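Beneath this line is the structure, given in C-alpha cells, with notes to follow.
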Amino acid sequence: MTAMVDELLAAWRSGVPLDLGGKAVAGPTTLDEGYVMQAEHAARRLAISGGAQTGYKLGATSTATMQALGFSEPFHGPVLSAWTHASPATLPRADFFVCAIELEVGFRLGADIADPRIDMATLRDAIADVFPTLEVADSRFLQKPRPGPAAIVADLGNAGALVVGPPVANWRALDLEAMPVTLRANGETVASGSGSLVVDGPLGQLLRFARNRAATGAPLKAGEIVSSGSCIPPWPAPAGATLVGRLEGLGEVSLTLT
2 MTAMVDELLA AWRSGVPLDL GGKAVAGPTT LDEGYVMQAE HAARRLAISG GAQTGYKLGA
62 TSTATMQALG FSEPFHGPVL SAWTHASPAT LPRADFFVCA IELEVGFRLG ADIADPRIDM
122 ATLRDAIADV FPTLEVADSR FLQKPRPGPA AIVADLGNAG ALVVGPPVAN WRALDLEAMP
182 VTLRANGETV ASGSGSLVVD GPLGQLLRFA RNRAATGAPL KAGEIVSSGS CIPPWPAPAG
242 ATLVGRLEGL GEVSLTLT
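The sequence shown begins at 2 in my numbering and counts up by one.
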C-alpha cells in the first residue's frame, strides 16, 4: 500500500495525474483497504505540509453521485488545516487536477459524540457552529478509466481544498434540507440545488457519520468539523473564475482561482 501512496504523492507534487492502468503498483481492492491507505496518505501529507487533521468531508451523499462513482453508501475523507481557508479565498487553479466545486453545509462540534445510537435531538445539541463551505473536490488519478470506490477513498476521498464561511447564529431556525443553494462563476449562475440533494439532508448525513464513527471506536471529537456533502452537482472550475456560493440563510462563501 505504501507504494501506491508514494505514487499519489508523486502525482500531487508533479501535477501529472496517476494512471491506474499504467502502473504495476497494487491499489486497494476493498473499502477497508482504501481507508487504511487513506490514513497513511493523510499522515504523509501532514508530515509534508504541517498542521493537523481538523475534521472530515463526506462524499457521494447524493444518489446520482453514488451511482456515478460506484458507491453503495457515502464515503469520507480527511480535512487538513493546510488546505482549509477562510472565505474569501484565492488559490492557484494549477494546484488542482479536476477542481470540481461543491457547496456544502459545514458543522463544528461542541462535544464528543461517543454514542453509536445518538438521536437527532442530542446531535443538534452537540453542534457548536453551522456555516457554508465550498469544497474543491479533486483527484490525483487520471479520470479515464475512472478510479473505483476503493481508490477514491485512498486518494483522500477526493479532497482538494475547503473554503469556510462564517458561522450563522440562528441555524436552528433554518430548514437545511429545503435550503436553496446556488453557485455563481464570474457573476453567472452555473449550478443550483438545495439541501435535499444530500440523501437524508445535511443533518441526516452528519447523524449517520457520527453514529458510524462511534460504532467503530473512533468517535467525532469536540472542535472537529464535518462538511456534509454537496448541495449542488459538482462543477469543474477553470482558472480565472471567481466563485460565489450562496446557501440561503447560511450566507455566502467565495473562492477566486488564479
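Yeah, the Cβ is synthetic: ideal placement off N, Cα and C, and Gly gets one too. In this text the structure is predicted, and so the values were computed from the model without any measurement.
- By the Cβ criterion, the segment 74–83 is in contact with the segment 34–53, since at least three pairs of Cβ atoms, one from each stretch, lie closer than 8 Å.
- For D156 against L10, the beta-carbon gap comes to about 11 Å, at or over 8 Å, which does not count as contact.
- Selection G218, F132, L184 and A216 evaluated against G250 yields F132 as nearest (Cα-Cα).
- Excluding sequence positions up to five before and after L21, its CB lies within less than 8 Å of the CB of G28, F142, L143, P146, P148 and A152, all in the same chain and listed in chain order.
- Pairing A83 with G52 gives a Cβ-Cβ distance under 7 Å.
- Just so you know, the alpha carbons of A162 and G194 end up roughly 21 Å apart.
- Under the 8 Å Cβ criterion, the segment 180–191 does not count as touching the segment 65–72, having fewer than three qualifying pairs.
- Spanning the alpha carbons of L207 and P235 requires a straight line of approximately 20 Å.
- Given a length threshold of 3 residues, each whole run of the beta strand (DSSP E) inside the segment 183–229 is given here in chain order: 189–195.
- Residue environment analysis places T3 among the exposed positions, since fewer than 16 neighbouring C-beta atoms fall within 10 angstroms of its C-beta.
- Sequence-distant partners of S231 (beyond 5 residues in either direction) whose C-beta falls short of 6 Å from its own C-beta, in its chain, are E103 and E105.
- Proximity to E41 across V154, I226 and P167 peaks at V154, based on C-alpha coordinates.
- About 18 Å separates the beta carbon of S197 from that of G107, a gap too long to meet the 8 Å contact definition.
- With 16 or more other Cβ atoms inside 10 Å of its own Cβ, K58 counts as buried.
- Looking at the DSSP output, W236 sits in a beta bridge with I102.
- E34 and E225 have their C-alpha atoms spaced approximately 24 Å apart.
- With a cutoff of 7 Å on beta-carbon distance, G202 and E178 are scored as near each other.
- Fully enclosed alpha helix (DSSP H) runs of no fewer than 4 residues occupy 64–70 of the segment 43–84, in order along the chain.
- Linking D116 to E74 through their CA atoms gives a straight-line distance of about 21 Å.
- For the alpha helix (DSSP H) assignment, the uninterrupted runs of no fewer than 4 residues enclosed by the segment 94–139 are, from N- to C-terminal side, 121–127.
- Residue A170 holds the alpha-carbon nearest to the alpha-carbon of G252 among A219, A170 and S50.
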